[in-house]
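Residue numbers (the working numbering): 11 to 154.
Worksheet: one structure, shown below.
Written out as structure tokens, the structure is:
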């Protein structure tokens, strides 16, 4: 089974074909909170082909590897990084506040922005251009 999946993943990666059924998913709306009559109170869960999910995991691993090798993300970036999380940034912010307040006349200003639904749609051209500028592999860009 592993050999078959590995061959399939490599065939897709090298451009020998992308199974059409991988592009089909079933969306199931899940109620979050509030009035059930309002569509914005739902989020969609998409059921996808399991092989496609495995391929996404392979792509993600290759993307993370290239980004780490090229030091693309700043050290302060904690979101969506293995071994890091929101609490890392809370600790850093706390440390910076303490450090600044120890100075005579030290002041701290913070701003928090909730980018609700900021990434619901992605401009693929911008994504590809950004990946090219960061010199990610052509295969990875094509797969995105």
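Each residue gets a CB set at the ideal place from its N, CA and C atoms; glycine is no exception.
### Task
Use the C-beta contact count for residue 119: other C-beta atoms within 10 angstroms, 16 or more gives buried, fewer gives exposed.
It counts as exposed.
### Task
Please go through the same chain and pick out, in chain order, the residues whose beta-carbon is closer than 6 Å to the beta-carbon of residue 62, but skip the five residues on each side of it.
Cβ neighbours of residue 62 within its own chain (closer than 6 Å, five residues either side excluded): 32.
### Message
Judging by CA-CA distance, which residue of 49, 88, 23, 14 is the nearest neighbour of residue 102?
### Response
Of the candidates 49, 88, 23, 14, the one whose C-alpha sits nearest the C-alpha of residue 102 is 88.
### Query
Taking Cβ positions, are residue 137 and residue 154 nearer each other than 8 Å?
The answer is yes: Cβ separation under 8 Å.
### Query
Based on the DSSP secondary-structure assignment, which residues constitute the bridge partners of residue 2?
Lying before the first or after the last residue shown, residue 2 is absent from the chain, which here runs from 11 to 154.
### Query
Which residue spans inside the region 81-153 form an unbroken alpha helix (DSSP H) run of at least 4?
Counting whole runs of 4 or more residues, the region 81-153 contains the alpha helix (DSSP H) stretches 96-111, 134-143, 148-153.
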